[in-house]
Amino acid sequence: MITLTLPGNEPVHFRHLVLDYNGTLACDGSLIPGVEDKLNKLAKFLDVHILTADTFGLCRSSCQGINGKIHILAPGEGLAEKGQFALALGPECVVAVGNGANDALMLAHSALGIAVIGPEGAAVKALQNADVIVTDINSGLDLLLNTKRLVATLRK
Numbered sequence: 601m602i603t604l605t606l607p608g609n610e611p612v613h614f615r616h617l618v619l620d621y622n623g624t625l626a627c628d629g630s631l632i633p634g635v636e637d638k639l640n641k642l643a644k645f646l647d648v649h650i651l652t653a654d655t656f657g658l659c660r661s662s663c664q665g666i667n668g669k670i671h672i673l674a675p676g677e678g679l680a681e682k683g684q685f686a687l688a689l690g691p692e693c694v695v696a697v698g699n700g701a702n703d704a705l706m707l708a709h710s711a712l713g714i715a716v717i718g719p720e721g722a723a724v725k726a727l728q729n730a731d732v733i734v735t736d737i738n739s740g741l742d743l744l745l746n747t748k749r750l751v752a753t754l755r756k
């Protein structure tokens, strides 16, 4: 568990990290360097869930060294399925990370939504539903490894 306390707010206890794969953790289906190491560090504190339609068919092999669970989505857009996944875990304890339009509900239904503008870009709907926007996945994961960065970004 990771606990985050923003000045003037009650502490938030994160238990789950829910991540999109393509465009967030990976570019063109290949895991972005540095991601595996950071996710394994976070897996000591959070349950890691990787959600994907697996467009390139590389998720399972690319993520075999990550201490987390891979969830292959049903064929289709994935928007509702990703949103429902976050809700089922209990949105008050979920950190979600994504970049696509189909990540918008997942970001909105989480206690903390982090949108990534990576090499594949980011959908406006994802950005609109995020609490924090980062320019690369490693910076986003570092926010969770160094939570004082989140406090500095989110305090009012």
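Take the sequence shown: its letters are residues 601 to 756, numbered as in this note's numbering.
Every residue gets a Cβ at the ideal spot worked out from N, C-alpha and C, and that includes glycine.
The DSSP assignment places complete alpha helix (DSSP H) segments of no fewer than 4 residues inside the segment 641–670 at 659–662, in order along the chain. In the DSSP assignment, the residues bridged to T603 are H613.
Residue burial annotation: D620 is buried, with at least 16 other C-beta atoms found within 10 angstroms of its C-beta.
Judged by DSSP in its simplified three-state form, G721 adopts strand. Per the Cβ contact rule, the segment 640–651 is not in contact with the segment 719–729 (fewer than 3 Cβ pairs under 8 Å). Close CB contacts of L754 within its chain, under the 6 Å cut and outside five residues either way in sequence, are with L606 (chain order). CA-CA distance, A696 to N746, rounds to 16 Å. When secondary structure is reduced to three states using DSSP, N746 falls in the coil class, being assigned neither helix nor strand.
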